[in-house]
């Protein structure tokens, strides 16, 4: 993700977060109405993480959405390892 235009990276990350929220809602058996749209604003910063002994690119940051997400729910990949934990900031 380091290479490329920052605006394109931001758009990609917004789509990924939105997709993760949609996957979570399906898992929780919550269906959006046909006219409902998930809106997201993303501010993430790259960081280096180690997963199974391999260095990978991870992200720390914030996102804002119009979808209520329970605290400490995990979104994305490797949630069983503690990655992707969401907590509401007021």
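In our numbering, the protein residues as written are 388 to 477.
By construction, the Cβ of each residue, glycine as well, lies at the ideal position given by its N, Cα and C atoms.
Small disclaimer: the values here were computed from a predicted structure and weren't measured.
Identified DSSP bridge partners for residue i
i, result
"residue 430", "449"
"residue 435", "444"
"residue 461", "472"
Beta-carbon proximity list for residue i, same chain, < 6 Å, skipping 5 on both sides
i, result
"residue 427", "401, 404, 405, 450 and 452"
"residue 456", "473"
"residue 414", "none"
Close beta carbons around residue i, own chain, < 7 Å, minus the five adjacent residues each side
i, result
"residue 407", "462 and 463"
"residue 397", "429"
8 Å Cβ shell around residue i - same chain, five flanking residues per side excluded
i, result
"residue 435", "442, 443, 444 and 445"
"residue 448", "429, 430, 431 and 432"
"residue 440", "none"
Distance between residue j and residue i (C-alpha atoms, nearest Å)
i, j, result
"residue 410", "residue 418", "10 Å"
"residue 438", "residue 472", "16 Å"
"residue 459", "residue 421", "28 Å"
"residue 424", "residue 412", "13 Å"
"residue 454", "residue 465", "22 Å"
"residue 416", "residue 394", "33 Å"
Could I get the ranges of all uninterrupted alpha helix (DSSP H) runs contained in the region 391 to 416, with 4 residues as the minimum, in chain order?
393 to 414
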